[in-house]
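Peer 1: Okay, so the sequence shown: first residue is 7 according to the numbering used here, each after it adds one.
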Amino acid sequence: MGEQERWQAAERLALALTEGGLQRMSARTLAVFLFTDAATVTMGDIADRLGVSAGSVSGAIKALLSVSLIERLPAPGGRREHYRLREDAWPTLFSTQNTVVHVMLQAAETAIATIAPDDPAHERLSRMRDFYTFLLGELPGLLRRWQERTTPR
């Protein structure tokens, strides 16, 4: 695959991620991390690659850092901060997203407490609560099995 085709594939991935709900600049920035040949990149590298300002990349970097997809690396003697995709990005993201599961669970529990047991909403909210309770119980096992599957023997 040539360089141009490589970055066209990265942009197609970013578009798919955007259609899936990720903010556009975060999706494009994540695509740079996934498709780069470099061990680390700076905000300037990303901005150059995407043809945007470093300021527009800053928010995307913060967003990707906040969900632990990327990590900041020390750059001794350098002024620019370097970043890279975490080796454990995907399981870390999935476990970090447990906060979303907790929010959904708490929302269901709060709503259930305000609805009469004979209200049809009570049953729907109870299923929502039960699903997220189930999901929280299953996540540790899923992540453990993934770790076992990907750990070299």
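C-beta: ideal position from N, C-alpha, C; glycine also. This structure is a prediction, so every number in the text was calculated from the model and none was measured.
Flag this pair as yes or no: are the beta carbons of residue 37 and residue 17 separated by less than 9 Å?
Peer 2: yes
Peer 1: Residue 48 and residue 88 look like a contact to me (Cβ under 8 Å); what is the Cβ gap, rounded to whole Å?
Peer 2: 6 Å
Peer 1: Roughly how many whole angstroms lie between the Cα atoms of residue 92 and residue 83?
Peer 2: For the pair residue 92 and residue 83, the Cα-to-Cα distance works out to about 23 Å.
Peer 1: Starting from the Cα of residue 130, find the closest Cα among 14, 51, 117 and 142 and give me that residue.
Peer 2: 117
Peer 1: Count the other CB atoms within 10 Å of the CB of residue 35; is the residue buried (16 or more) or exposed (fewer)?
Peer 2: Only buried fits residue 35, as 16 or more other CB atoms lie within 10 angstroms of its CB.
Peer 1: Measuring alpha carbon to alpha carbon, tell me which of 61, 55 and 121 ends up nearest residue 13.
Peer 2: Per the Cα distances, 55.
Peer 1: By the DSSP assignment, the alpha helix (DSSP H) with residue 148 in it spans what residues?
Peer 2: 126-156
Peer 1: Taking all protein chains shown into account, do 16 or more other C-beta atoms lie within 10 angstroms of the C-beta of residue 7, making it buried, or fewer, making it exposed?
Peer 2: Residue environment for residue 7: exposed (fewer than 16 other C-beta atoms within 10 angstroms of its C-beta).
Peer 1: Do you know offhand how far residue 94's Cα is from residue 62's?
Peer 2: Approximately 26 Å between the Cα atoms of the pair.
Peer 1: So what's residue 86 in DSSP terms, helix, strand or just coil?
Peer 2: coil
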